[in-house]
Amino acid sequence: DRMGGVGNQFALTSINSFLFCLVLMLVTEGYKFGEFVTLCKTSNIVLVNLIYSGLWFYGYNELATMTIKKTNAVTQSVANTAKRVIVIVGVAIVMGESLDPLKLIGCGVGIGGVFLYSVIDDLVKKAKK
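Take the sequence shown: its letter number 49 is residue 49 in the UniProt record's numbering, and every next letter is one higher.
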């Protein structure tokens, strides 16, 4: 409530994340910045992909925030877990890789862990009641 709602919280989080990453980028790879600018000037596709990547990431996070506002965190968590399954299977199909049992077990453990981590607080609250 102090920040004026979920939308403002999302905006502040995005701005703070950008500033933190900017400082981190300058400290760790600032010496390559001139080379990056040159690459962007000589190859429009790099600049276009950079802009599209940022817009898609922002749009994804905005959509996730809107989803939480319309539903609840558990529903969003389940949808996010389903998204991971779809991405893993989709990438396997596109890249022509087989999903042998060991890979499926690894994916299942990873996805199950993420899902459990996402809903554990709600499960514990329900168990206490």
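Where is the CB? At the ideal position from N, CA and C, for every residue including glycine.
Phe18 and Glu62 do not touch by the CB rule: their CB atoms are close to 15 Å apart, not below 8 Å. One Cα belongs to Leu47, the other to Gly34, and the distance between them is close to 14 Å.
Taking 4 residues as the shortest admissible run, the UniProt domain "Sugar phosphate transporter" (7–118) contains the following complete alpha helix (DSSP H) segments, listed from N- to C-terminal end: 33–42, 44–70, 73–95.
The beta carbon of Ala79 sits closer than 8 Å to those of Thr67, all from its chain and outside the five residues before and after it, given in chain order. Between the segment 103–120 and the segment 79–93 there are three or more C-beta pairs closer than 8 Å, enough to call the two in contact.
Annotation: Lys126 to Ser53 spans about 39 Å, alpha carbon to alpha carbon. If the five residues before and after Leu39 are omitted, its C-beta is found closer than 7 Å to the C-beta atoms of Val46, all from its own chain and listed in chain order.
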